[in-house]
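J.:
In the UniProt record's numbering, the protein residues as written are 1 to 458.
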């Protein structure tokens, strides 16, 4: 296989090529590093690239293979977001405000290494993961491989840009309010936010009061399933991808809060996907549950702002943060403690209400975002509160599932008239990754998306 094709093949296919001997890890990783060197000056997906260690790890993987050893990701190049601890490096969280090195790898990084993955670098994010774009004053903007004028989303924007541009076979992101699903939607990738606690975040605990989950950003559904088999080995995720059983699917275009418009191209993508699911034999019905209770979005806002404030307090040098990041943290500090307690207490009510959707349906289909990807710098001139409100409107379909913890995925669903990716969201009942992966796998087989590559990187 041509090395460029191999770079775009995705983690599962790369693992097969390495296992068969059609490719060596050294050749694959070296080509990924060459592509990073060639493209990342303009893309800005990586905070750090581990060139020497990645090549050494690739040679070690090849030596293990020559001895007859195997592992699920042996020799496969992956990237991890910069909020995941790597031994000996500060866990920067998108900032220049952390100097203290981590004493050990995070559990996610350890499991990837134990499975034989070659970690080629750590990817960029906005400061503290607060925004649905990946930009800062000191690091600049990460660009969308489909259009350099647009953002790849955030906060796992670097991870998504790296995979979409064929710089790595897969990447890990984290998602506290859509931060895996947003960049996957913006770059034409599959991104899965697993059930809360399905993938361990250790050494961190209860990140953002339990809102945050870590999950894969990949070209194919099978790639994500393979990574989840490694990160959460008690469940056979790979088997779900080929499941063809008929499902009961609810379709909703109702936003979480009143008066939020949905772009017509986004609406059409959801309805087209609903029609495709019907053609595939699923029972698809329109269901617009009452989500206009303003206490839900208000409670999420309180948790989000409080989390910004507490995360800022953990930094070595918070004075190095961008002014807008400090402004968000200041809003969080101004909240009365009772507002945060009330928001946390509201979780059980929201969860019960969400669970009712799945009493009669296996899956919920919604938009990921209310609009196509942002332009780079689009919100820079807006005051902080105005930018926060714009972000809330854009991501209205996402944070509920961080509060309840349900698995939720972004699935590619075509492109806008100008060539920007579109996506839909699939949400499963609690702990039911199988159904989300099964439906996504059926959609991918019926309407393949990964063969289309950003022209500048193919």
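Backbone N, C-alpha and C define an ideal beta-carbon position, used for all residues, glycine too.
Name, in chain order, the residues that DSSP records as bridge partners for residue 51.
T.: Bridge partners of residue 51: none, in fact.
J.: Going by DSSP in three states, residue 421 sits in which element: helix, strand or coil?
T.: If DSSP states are grouped into helix, strand and coil, residue 421 belongs with the strands.
J.: Give me, in chain order, the residues of the same chain whose beta-carbon lies closer than 7 angstroms to that of residue 440; leave out the 5 immediate sequence neighbours on both sides.
T.: The answer, listed in chain order, is 190, 221, 409, 411 and 426.
J.: Between which two residues does the alpha helix (DSSP H) carrying residue 193 extend?
T.: That residue, residue 193, is in no alpha helix (DSSP H); its beta strand (DSSP E) goes 190–193.
J.: Starting from residue 325, trace the alpha helix (DSSP H) both ways and give me its first and last residue.
T.: Where residue 325 is concerned, the enclosing alpha helix (DSSP H) stretches over 323–334.
J.: If we count Cβ pairs, one from each stretch, closer than 8 angstroms, do we get three or more for the segment 135–145 versus the segment 36–52?
T.: A contact exists between the segment 135–145 and the segment 36–52.
J.: Sort out for me which residues DSSP pairs residue 140 with in a bridge.
T.: Per DSSP, 136.
J.: In this structure, does DSSP put residue 435 in helix, strand or coil?
T.: Note: residue 435 maps to helix in three-state DSSP.
J.: Give the single residue among 394, 400 and 181 whose Cα lies nearest to the Cα of residue 295.
T.: Checked all of 394, 400 and 181; the closest Cα to residue 295 is 400.
J.: Report the start-end ranges of each alpha helix (DSSP H) in the segment 318–402 that is 4 residues or longer and not cut off at the edges.
T.: DSSP runs (the alpha helix (DSSP H)) wholly in the segment 318–402: 323–334, 337–345, 347–357 and 384–394.
J.: Under the rule that 16 or more other beta-carbon atoms within 10 Å means buried, what is residue 137, buried or exposed?
T.: The residue is exposed, with fewer than 16 neighbouring Cβ atoms inside 10 Å.
J.: Alpha carbon to alpha carbon, what distance is there between residue 194 and residue 211?
T.: About 11 angstroms.
J.: Excluding the 5 residues preceding and the 5 following residue 104 in the sequence, name in chain order all residues of the same chain whose CB lies nearer than 6 angstroms to its CB.
T.: Here the set comprises 87.
J.: Going along the chain, which unbroken runs of the alpha helix (DSSP H) with 4 or more residues stay wholly within the segment 36–116?
T.: Whole alpha helix (DSSP H) segments, 4+ residues: 51–66 and 107–114.
J.: For residue 180, count the other beta carbons within 10 Å of its own beta carbon; 16 or more makes it buried, fewer makes it exposed. Which is it?
T.: The residue is buried, with at least 16 neighbouring Cβ atoms inside 10 Å.
J.: How many Å lie between residue 188 and residue 177 at the Cα?
T.: Residue 188 and residue 177: Cα-Cα distance of roughly 19 angstroms.
J.: Could you name the residues of the same chain whose beta carbon sits closer than 6 angstroms to that of residue 444, not counting the 5 residues immediately before and after it, in chain order?
T.: Correct list, in chain order: 221.
J.: By the 10 Å Cβ neighbour count, where 16 or more other Cβ atoms means buried, how is residue 389 classified, buried or exposed?
T.: Burial call: exposed.
J.: For a test of the three-state rule: what should DSSP assign to residue 150, helix, strand or coil?
T.: The answer is strand: DSSP assigns residue 150 an E or B state.
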